[in-house]
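Enquirer: Encoded as structure tokens, here's the structure I'll be asking about.
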Amino acid sequence: MPPPRPQPPPARAAPEEAQPADREGHDVRAGRPSFDALVREAAQGLEAPRRLVVAACGPAALVNAARRAVAAARKECRGVRLEFSGSESRW
898 MPPPRPQPPP ARAAPEEAQP ADREGHDVRA GRPSFDALVR EAAQGLEAPR
948 RLVVAACGPA ALVNAARRAV AAARKECRGV RLEFSGSESR W
């Protein structure tokens, strides 16, 4: 009996169709993330003391998008202490 043929990788979903791929503690999604939605979701799910630190490392565009999302969430999520830590990677 010949060995089974390798299966091709699954097609990547469009960003607006991205769904969690793993239900066992990891939230893996395809496509460009919405940092605004991710930060708001994380801040709203907090229990007291309500503190959230967002850390980003990568290309300048990614770090800046994460920084802007934290700044926007500070205005919307009252009662949550939001902090940002980021650095740009230079390959």
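Quick note, the sequence shown lines up with residues 898 to 988 if you use the working numbering. Beta carbons: idealized from backbone N, C-alpha and C, even for Gly.
Answer with buried or exposed for residue 958, where buried requires no fewer than 16 other C-beta atoms within 10 angstroms of its C-beta.
Expert: The residue in question, residue 958, is exposed, as its Cβ has fewer than 16 Cβ neighbours within 10 Å.
Enquirer: Distance, Cα to Cα, residue 886 vs residue 978?
Expert: Residue 886 is absent from the model: the chain starts at 898 and stops at 988.
Enquirer: Confirm, please, whether the CB-CB distance from residue 986 to residue 956 is below 8 Å.
Expert: Yes, the pair counts as a contact, with Cβ atoms nearer than the cut-off.
Enquirer: Which residue comes first and which comes last in the beta strand (DSSP E) that contains residue 979?
Expert: Per DSSP, residue 979 belongs to the beta strand (DSSP E) from 978–985.
Enquirer: Enumerate in chain order the residues of its own chain whose CB-to-CB distance from residue 940 is below 7 Å, with the five nearest sequence positions on each side excluded.
Expert: Cβ within range, chain order: 949, 970, 974, 977, 979.
Enquirer: By DSSP, does residue 937 sit in helix, in strand, or in coil?
Expert: Reduced to three states, the DSSP call for residue 937 is helix.
Enquirer: Which of the three DSSP states is assigned to residue 959 in this structure?
Expert: In this structure, residue 959 counts as helix in the three-state DSSP scheme.
Enquirer: What's the gap between the Cα of residue 963 and the Cα of residue 938?
Expert: Cα to Cα, the separation comes out at about 14 Å.
Enquirer: Secondary structure at residue 967, three-state DSSP: helix, strand or coil?
Expert: Helix, per DSSP.
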